[in-house]
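These notes are about the structure you will find just below.
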Amino acid sequence: MIFVFNSVYPMINRSGQAMTSMADQVDQRMKSRISIVHAANTANRTSVYLWIKNVGTQRILAVEESDLFFGQEDNFDRIAHEGDAGGTYPRWSFDIENDTEWQTSATIKVTILFSSDPGAGTYFAKFIIPNGIFDEFYFSM
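Residue numbers (my numbering): 23 to 163.
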């Protein structure tokens, strides 16, 4: 009987921990929401700005680990965060506009830098936070 307990209990315990972890991840995803509320660019189009609001009920951590896809609507790429770009272009950075953390109702300003004018047209932006929640935005420049 002890043998059965010693071999079955760890499996049940690990299974319970996995279920708890999965439930925590689902809960986190349900509480996370973002909205790209505005986009703008400089006259020479070498700087593009996206304002992204946290419309969820949870603080968003590790913003620099988010993914940004950007480009003309039929030709977009993943843009590296400045910490991963190694000085190359294009790259993106962010500033929190109205708080010290990206909490509920706070907005970040994402700046995308290009080495030269990417051209006029309709552009697509998709921002994905580390837990997979995302928003998309189309605009002309």
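Note that CB positions come from ideal geometry on N, CA and C, so glycine has one too. Keep in mind the model is a prediction, meaning the values are calculated, not measured.
Q | Extent of the continuous alpha helix (DSSP H) to which Gly-105 belongs | A | Position 83 of the sequence shown holds residue 105. Under the DSSP assignment, Gly-105 falls in the alpha helix (DSSP H) whose first and last residues are 104 to 107.
Q: Kindly give me the distance between the Cβ atoms of Glu-119 and Tyr-160, rounded to whole angstroms, as I take these residues to be in contact under 8 angstroms.
A: Your numbering for residue 119 matches position 97 in the sequence shown. Your numbering for residue 160 matches position 138 in the sequence shown. No, Glu-119 and Tyr-160 are not in contact; Cβ-Cβ is about 22 angstroms, not under 8 angstroms.
Q.
Please state whether the Cβ-Cβ distance between Leu-90 and Ile-101 is less than 8 angstroms.
A. For the purposes of this step, residue 90 is taken as the residue at position 68 of the sequence shown. For the purposes of this step, residue 101 is taken as the residue at position 79 of the sequence shown. Yes. Within cutoff.
Q. Are the beta-carbon atoms belonging to Trp-114 and Thr-133 less than 8 angstroms from one another?
A. As a working mapping, residue 114 is identified with position 92 in the sequence shown. As a working mapping, residue 133 is identified with position 111 in the sequence shown. Contact: yes.
Q) Under 8 angstroms, do Ser-1 and Asn-63 count as touching if we go by C-beta distance? A) With the chain covering 23 to 163 only, the question about residue 1 has no answer from this structure.
Q.
Tell me the DSSP secondary structure of Arg-55 in three-state form.
A. Taking the first residue of the sequence shown as position 1, residue 55 is located at position 33. Note: Arg-55 maps to coil in three-state DSSP.
Q) Under 8 angstroms between the Cβ atoms of Lys-131 and Tyr-71? A) The residue given as residue 131 occupies position 109 in the sequence shown. The residue given as residue 71 occupies position 49 in the sequence shown. Going by C-beta atoms, Lys-131 is nearer than 8 angstroms to Tyr-71.
**Q.** Simplified DSSP state of Glu-123, which is helix, strand or coil
**A.** Taking the sequence shown and counting its residues from 1, one reaches residue 123 at position 101. DSSP places Glu-123 in coil when its eight states are reduced to three.
Q) If you compare alpha carbons, which of Ile-74, Gly-78, Gln-80, Phe-92 is closest to Gly-141? A) The count along the sequence shown starts at 1 and reaches residue 141 at position 119. The option with the nearest alpha carbon to Gly-141 is Phe-92.
**Q.** Local Cβ density within 10 Å of Gly-154, reported as buried at 16 or more and exposed below that
**A.** Mapped onto the sequence shown, residue 154 falls at position 132. When all chains shown are included, Gly-154 counts as exposed.
Q.
I need the straight-line Cα distance from Val-59 to Glu-86, nearest angstrom please.
A. Within the sequence shown, the letter at position 37 stands for residue 59. Within the sequence shown, the letter at position 64 stands for residue 86. Those two C-alpha atoms are separated by around 19 angstroms.
Q: Determine the DSSP secondary structure at Glu-87, reduced to helix, strand or coil.
A: By one-based count along the sequence shown, residue 87 stands at place 65. Glu-87: helix per DSSP, three-state reduction.
**Q.** For Arg-81, three-class secondary structure by DSSP
**A.** For the purposes of this step, residue 81 is taken as the residue at position 59 of the sequence shown. Note: Arg-81 maps to coil in three-state DSSP.
Q) In three-state terms, what does DSSP make of Arg-36? A) Reading the sequence shown from its first residue, position 14 is the one you call residue 36. Helix.
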